[in-house]
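K.L.:
Can you read through this structure? Questions will come right after.
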Amino acid sequence: MRRVSILGATGSIGQNTIDLIARAPEDYQVVALTGGRNAQKLAQDAIRLGAQIAVVADEAALPALREALSGSGIEAAAGRAALIEAAQRPADWVMSAIVGAAGLEPGLRALQGGAALALANKESMVCAGPLMLRTAAEGRGRILPVDSEHSAVFQALLGEDIASVERIVITASGGAFRDWPLEDLDKATPEQAATHPNWDMGQRITIDSASMFNKALELIETKEFFGVSPDKIETVVHPESMIHAMVGFNDGALMAHVGPADMRHAIGFALHYPQRKSLPVERLDLVKLGQLTFRTACEVRWPALRLAREVMHTGGLAGAVFNAAKETALDGFIEKRITFSRMAGVVEEVLTSLSAQAGLIDAEVTLDNVLQADHLARQKAHEILTH
Ligand code: NDP
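Read left to right, the sequence shown gives residues 1116 to 1502 (the numbering used here).
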């Protein structure tokens, strides 16, 4: 029996992970399930899977969690410290699926404990790639990518020499506004941005898909994860979302990973790695699919892509600043304090301002320095939002 924990169990990735685990309960011993504030859903799944402990990050949700778990024998806890303690409990495999920079430390702690970390939380690599890789290398743990693009690249690279890679092509659906006239983008509402044409995901990542901030994070994640030069990383708009990524080699071969938009493939691959096991995902009917199309990823429509390129070239803590500024700008858009197009402007201003502070961006990538850069970037972004 493998011991597994799911951080962010109540979210979209968390629920897809539970779906896979619940299909073979005899194979798993569930250690910890964590959520943000959705105590009911968390308790329901903790009981269904027989978890040892369920933790909500929001302490106000603890009474509801306790009540829902009463009589089950499952421990209930709340707050950041309890969440990190749960993430550190010995486990063989941990899903890191908390949204945002809040997912960094819990995942890092699980990695330090020697777990294989299935990493959906892309922010961990964006904010602290070198720290994550160092931690995996120093301990017994390893990182398995769950973002569909990175899982695709990882699979295309199996048995290959990274030195023979000429380019990595990350595909993007283009999100909700890919066909909107540029001049209409400023009128886009959070509700419109949260409707994805192809994928069913959490609200924040869906809006980030429309702005391509999600793709920007993925480009930075690609650089950090696979250690390739930013100049080898490309984006192409692929509205059908069937090819998740492609790897081009020095002999001209271009290996594409093709599959339907179902995160259970990437999650299942990470769950069973290094084996492949049958997964409950649709098998592609190529004739029905007919054709696959590609378009240029225009940096005028999606300025987040240009900013990502700058961040990749700068390195250091630029990713942490970029992500924190992006999260704050996204809050501003969701709360209707700024327009859709203004988000990139806020992020760029924060990057410019903090890059001018000597010793900040180029400080060593430690947890303390990442948290400090994250804090300063949020503060600066708030300042911009309130002026
Ligand atoms: P969701 O918004 O659906 O779920 C987020 C999870 O994190 C929920 O369990 C939520 O709890 C929890 N959470 C929110 N805030 C906190 C916090 N401060 N502390 C602890 N837990 C918190 O997100 P997704 O599942 O869509 O995404 C999760 C991660 O995976 C993100 O980093 C995303 O970029 C990445 N990802 C997602 C994909 C997808 O298809 N959805 C694809 C590839 C990557 P609650 O709901 O109980 O409040």
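Heads up, the beta-carbon is just placed ideally off N, CA and C, and yes, glycines get one too.
(1) Given residue 1165, which residues of its chain have a CB within under 7 Å of its CB, disregarding the five upstream and five downstream residues?
(2) At a cut-off of 7 Å, is residue 1218 close to ligand 1 when judged by its beta-carbon and the heavy atoms of the ligand?
(3) Since residue 1349 sits in a beta bridge, which residues does DSSP pair it with?
(4) From the DSSP secondary-structure annotation, give me the bridge partner or partners of residue 1227.
(5) Use the C-beta contact count for residue 1426: other C-beta atoms within 10 angstroms, 16 or more gives buried, fewer gives exposed.
(6) Report the rounded CA-to-CA distance for residue 1489 versus residue 1453, giving the unit in angstroms.
(7) Determine the extent of the alpha helix (DSSP H) in which residue 1320 is found, giving its start and end residues.
(8) Would you mind reading off the limits of the alpha helix (DSSP H) that contains residue 1427?
(9) Please give me, in chain order, every unbroken run of the alpha helix (DSSP H) with length at least 4 that falls completely inside the stretch 1475-1502.
(10) Does DSSP classify residue 1257 as helix, strand or coil?
(11) Less than 8 Å between the CB atoms is what I'm expecting for residue 1120 and residue 1225, so what's the real figure, rounded?
(12) According to DSSP, simplified to helix, strand and coil, what is residue 1141?
(13) Please determine whether the Cβ atom of residue 1144 lies at a distance below 7 Å from any heavy atom of ligand 1.
(14) Which residues does DSSP pair with residue 1387 in a beta bridge?
(15) In the DSSP assignment, find the unbroken alpha helix (DSSP H) run with residue 1275 in it and report its ends.
(16) Pairs of beta-carbons, one from the stretch 1282-1302 and one from the stretch 1385-1401, closer than 8 Å: are there three or more?
(17) Compute every distance between the C-beta of residue 1421 and the non-hydrogen atoms of ligand 1, then say whether any falls below 7 Å.
(18) Check whether the stretch 1353-1365 touches the stretch 1244-1251, taking contact to mean three or more Cβ pairs, one atom from each stretch, closer than 8 Å.
(19) On the CB-based measure, 16 or more other CB atoms within 10 Å of its CB, does residue 1334 come out buried or exposed?
(20) Between which two residues does the beta strand (DSSP E) carrying residue 1370 extend?
(21) Between the stretch 1156-1174 and the stretch 1199-1206, are three or more C-beta pairs nearer than 8 Å?
(22) So for residue 1148, helix, strand or coil by DSSP?
(23) Between which residues of its own chain and residue 1324 is the CB-CB distance below 7 Å, once the five residues before and five after are set aside?
(24) Relative to the C-alpha of residue 1462, which residue among 1430, 1281, 1328 is closest?
(25) If you drop the 5 nearest sequence neighbours on each side, which residues of the same chain put their C-beta closer than 6 Å to that of residue 1440?
(26) Going by DSSP, which residues form a beta bridge with residue 1363?
(27) Rounded to a whole number of angstroms, what is the C-alpha to C-alpha distance between residue 1150 and residue 1125?
(28) If I'm right that residue 1363 touches residue 1442 with Cβ under 8 Å, what's the distance once you round it to whole angstroms?
(29) What I want to know is whether the C-beta of residue 1316 ends up closer than 7 Å to one or more non-hydrogen atoms of ligand 1.
(30) Is residue 1237 near ligand 1 - that is, is its Cβ less than 7 Å away from at least one heavy atom of it?
(31) Could you have a look at residue 1210 and say whether DSSP puts it in helix, strand or coil?
(32) From this set, 1378, 1494, 1214, 1308, which residue's C-alpha is nearest residue 1131's C-alpha?
(33) In this structure, how does DSSP classify residue 1120 when only helix, strand and coil are distinguished?
(34) Across which residues does DSSP place residue 1249 in a beta bridge pair?
(35) Going by beta-carbon coordinates alone, are residue 1274 and residue 1212 separated by less than 8 Å?
P.N.:
Considering the structure as presented:
(1) Sequence index remark: in the sequence shown, residue 1165 carries index 50 (1-based). For residue 1165, where only same-chain residues beyond five positions count, the Cβ hits under 7 Å are 1145.
(2) For the purposes of this step, residue 1218 is taken as residue 103 along the sequence shown, with counting starting at 1. Answer for residue 1218: yes, Cβ within range of ligand 1.
(3) Sequence index remark: in the sequence shown, residue 1349 carries index 234 (1-based). Paired residue(s): 1284.
(4) As a first step, residue 1227 is located in the sequence shown; it is residue number 112 there, counting from the start. Paired residue(s): none; residue 1227 is not in a bridge.
(5) For the purposes of this step, residue 1426 is identified with residue 311 of the sequence shown, where counting begins at 1. By the neighbour-count rule (16 or more Cβ atoms within 10 Å), residue 1426 is buried.
(6) Walking along the sequence shown from the start, residue 1489 turns up at place 374. Walking along the sequence shown from the start, residue 1453 turns up at place 338. So the alpha carbons of these two residues sit roughly 21 Å apart.
(7) Residue numbering aside, residue 1320 sits at position 205 when the sequence shown is read from its first letter. Start and end: 1318-1326.
(8) What you label residue 1427 is simply residue 312 of the sequence shown in a count that begins at 1. Looking at the DSSP string, the run of the alpha helix (DSSP H) that includes residue 1427 is 1418-1429.
(9) 1482-1501
(10) Sequence index remark: in the sequence shown, residue 1257 carries index 142 (1-based). Note: residue 1257 maps to strand in three-state DSSP.
(11) Walking along the sequence shown from the start, residue 1120 turns up at place 5. Walking along the sequence shown from the start, residue 1225 turns up at place 110. Confirmed, about 7 Å.
(12) As a first step, residue 1141 is located in the sequence shown; it is residue number 26 there, counting from the start. Three-state DSSP puts residue 1141 in a helix.
(13) Position 29 of the sequence shown, counted from the first residue, corresponds to residue 1144. Not under cutoff, so the answer is no.
(14) Taking the sequence shown and counting its residues from 1, one reaches residue 1387 at position 272. Per DSSP, none; premise fails for residue 1387.
(15) As a working note, residue 1275 is residue 160 in the sequence shown. Looking at the DSSP string, residue 1275 is not in any alpha helix (DSSP H), and its letter there is neither H nor E.
(16) no
(17) Locating residue 1421 in the sequence shown gives position 306, where the first residue counts as 1. Answer for residue 1421: no, Cβ out of range of ligand 1.
(18) no
(19) Here residue 1334 is taken as the residue at index 219 of the sequence shown, counted from 1. Per the 10 Å Cβ criterion, buried.
(20) Translated into the one-based positions of the sequence shown, residue 1370 becomes position 255. Per DSSP, residue 1370 belongs to the beta strand (DSSP E) from 1369-1373.
(21) yes
(22) By one-based count along the sequence shown, residue 1148 stands at place 33. Strand.
(23) Numbered from 1 along the sequence shown, position 209 holds the residue referred to as residue 1324. 1288, 1290, 1311, listed in sequence order.
(24) One-based indexing of the sequence shown puts residue 1462 at position 347. That would be 1328, whose Cα lies nearest to the Cα of residue 1462.
(25) Numbered from its first residue, the sequence shown carries residue 1440 at position 325. Excluding positions up to five away in sequence, the list reads 1462, 1465, 1492, 1496.
(26) Counting from one through the sequence shown, the residue named residue 1363 turns up at place 248. In the DSSP output, where bridge partners are listed per residue, residue 1363 has 1282, 1369.
(27) Translated into positions along the sequence shown, residue 1150 becomes position 35. Translated into positions along the sequence shown, residue 1125 becomes position 10. Their backbone Cα atoms lie some 5 Å apart in a straight line.
(28) Counted from its first residue, the sequence shown places residue 1363 at position 248. Counted from its first residue, the sequence shown places residue 1442 at position 327. About 32 Å; that fails the 8 Å criterion.
(29) The residue labelled residue 1316 in the question sits at position 201 within the sequence shown. Flag set: Cβ of residue 1316 near ligand 1.
(30) Position 122 of the sequence shown, counted from the start, is the residue given in the question as residue 1237. Answer for residue 1237: yes, Cβ within range of ligand 1.
(31) Working through the sequence shown from its first residue, we reach residue 1210 at position 95. Note: residue 1210 maps to strand in three-state DSSP.
(32) Taking the first residue of the sequence shown as 1, we reach residue 1131 at position 16. Taking only the C-alpha atoms, the option nearest residue 1131 is 1378.
(33) In the sequence shown, residue 1120 corresponds to position 5, counting from 1. Strand, per DSSP.
(34) Here residue 1249 is taken as the residue at index 134 of the sequence shown, counted from 1. Per DSSP, none; premise fails for residue 1249.
(35) For the purposes of this step, residue 1274 is taken as the residue at position 159 of the sequence shown. For the purposes of this step, residue 1212 is taken as the residue at position 97 of the sequence shown. Their beta carbons are not under 8 Å apart, which means residue 1274 does not touch residue 1212 by this criterion.
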